[in-house]
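A short write-up of the structure that comes next.
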Amino acid sequence: MMTGPSMLDNLIRLQKFKTAQESSYDRTGGNEDFVSIEPGDKAVICDVDGPGQISRIWVTVASPDTYVRRTCVIRMFWDNEASPSVEAPLGDFFGVGFGQYKHYTALPMGMSSGGYYCYLPMPFAKRARIEIENQGNKKIYAFYYNITYHKLDKLEKDTAYFHALWRHDETRPGENYTLLEAEGRGHYAGCVMSMQGRVPFSLWFLEGDEMIYVDGEGHPPAVHGTGTEDYFNAGWYFNKGTFSAPFHGLTVKNWARARISAYRFHIQDPIPFEKSIRVT
Numbered sequence: 047m048m049t050g051p052s053m054l055d056n057l058i059r060l061q062k063f064k065t066a067q068e069s070s071y072d073r074t075g076g077n078e079d080f081v082s083i084e085p086g087d088k089a090v091i092c093d094v095d096g097p098g099q100i101s102r103i104w105v106t107v108a109s110p111d112t113y114v115r116r117t118c119v120i121r122m123f124w125d126n127e128a129s130p131s132v133e134a135p136l137g138d139f140f141g142v143g144f145g146q147y148k149h150y151t152a153l154p155m156g157m158s159s160g161g162y163y164c165y166l167p168m169p170f171a172k173r174a175r176i177e178i179e180n181q182g183n184k185k186i187y188a189f190y191y192n193i194t195y196h197k198l199d200k201l202e203k204d205t206a207y208f209h210a211l212w213r214h215d216e217t218r219p220g221e222n223y224t225l226l227e228a229e230g231r232g233h234y235a236g237c238v239m240s241m242q243g244r245v246p247f248s249l250w251f252l253e254g255d256e257m258i259y260v261d262g263e264g265h266p267p268a269v270h271g272t273g274t275e276d277y278f279n280a281g282w283y284f285n286k287g288t289f290s291a292p293f294h295g296l297t298v299k300n301w302a303r304a305r306i307s308a309y310r311f312h313i314q315d316p317i318p319f320e321k322s323i324r325v326t
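Below you can see the structure in the form of structure tokens.
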């Protein structure tokens, strides 16, 4: 477990940064505080110079598209990079799979009474750009957003950048499913897993153990679990149903369709790596 001051202690320490916010407020003074996005179009919702650190993202969306949380994609670019450091469907990024909206209130992010929020820190040295793409076939009539960030004098030398990857594939018998494979130095900070079995009314796929390979280590890895729901701090195939805790939870459980969507954030227990990591 990490030690040190709690986030509440930050309130009694005077800060030197300046707070600013990019938002969709109506520049004419009216109440149309949103942007509209046609099918196939993109909207840039944040483009600011650094150094700085995004401290909060809040959005909400109105669209006739039932699956807008899957067809609407969020991307984030740091320091003029060509490829995004973050790319995911909107709903999956904010913690719930299958294009669904589920009220849950984790500490780093959640969906609360119609809104979507994220408090994970996202530093940048030169520039931060966030875009939304409508990959659906229906218009997004209203996309509201607030992007709150701190203006900093500089980033500390040991600052790590935020990355989030969305991937999906079918599992194969006898093979581990890879959630993340990355090179470099960093911390694995968590995941959202949305799983659907091939057999209705069966959750046998939850028997899969997490195995996390750090810096090229062989099998068995230092982190080897006992079952998928165990990794999410639950038990017995999530037999008590959906729940929301500060760092872990279950947002979707559908026996009939053999569906599970769960999250875990390694805030108190990050997994560091110096060269590479493979999360399976």
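According to our numbering, the residues represented by the sequence shown are 47 to 326, in order.
All C-beta atoms in this analysis are idealised placements derived from N, C-alpha and C, irrespective of residue type, glycine included.
Here the alpha carbon of G98 sits roughly 8 angstroms from the alpha carbon of D199. Here P135 is bridged, per DSSP, to V119. Contact check between the segment 182 to 199 and the segment 106 to 122: three or more CB pairs, one atom from each, fall below 8 angstroms, which counts as touching. Residue pairing by DSSP puts W124 in a beta bridge opposite A174.
Per the Cβ contact rule, the segment 161 to 178 is in contact with the segment 115 to 135 (3 or more Cβ pairs under 8 angstroms). The segment 81 to 119 is shown to contain whole alpha helix (DSSP H) runs of 4 or more residues at 114 to 117, in chain order. Per DSSP, Y277 is not a residue of any beta strand (DSSP E); the alpha helix (DSSP H) it occupies stretches across T274 to Y277. Apart from sequence neighbours up to five positions away, the residues of its chain that approach G86 with a beta-carbon distance below 7 angstroms are N180, ordered along the chain. Here I186 is bridged, per DSSP, to I83. Under the three-state reduction of DSSP, F247 is assigned to coil, being neither helix nor strand.
A direct Cα-Cα distance of roughly 11 angstroms separates S131 from M168.
Between G243 and the set G75, L225, G236 and S307, the nearest pair of CA atoms involves S307.
In the three-state DSSP reduction, L201 falls in the coil class, being neither helix nor strand.
Per the coordinates, the alpha-carbon of R102 lies some 14 angstroms from the alpha-carbon of S158. A Cβ-Cβ distance of about 22 angstroms is found for the pair F284 and Q314, leaving them out of contact under the 8 angstroms criterion. Residue environment analysis places L54 among the exposed positions, since fewer than 16 neighbouring C-beta atoms fall within 10 angstroms of its C-beta. Less than 8 angstroms separates the beta-carbon of T297 from that of G141. Cβ contact annotation for A210 (same chain, cutoff 7 angstroms, sequence separation greater than five): V132, A134 and F139, in chain order. One Cα belongs to A66, the other to K197, and the distance between them is close to 7 angstroms. In this structure, the alpha-carbon of P267 lies about 23 angstroms from that of E216. Around the CB of G262, fewer than 16 other CB atoms lie within 10 Å, so the residue is classed as exposed. Counting along the chain, L296 sits inside the beta strand (DSSP E) bounded by residues H294 to N300. Here L57 carries a helix assignment [DSSP, helix/strand/coil].
By the criterion of at least three beta-carbon pairs nearer than 8 angstroms, the segment 319 to 326 is in contact with the segment 216 to 229.
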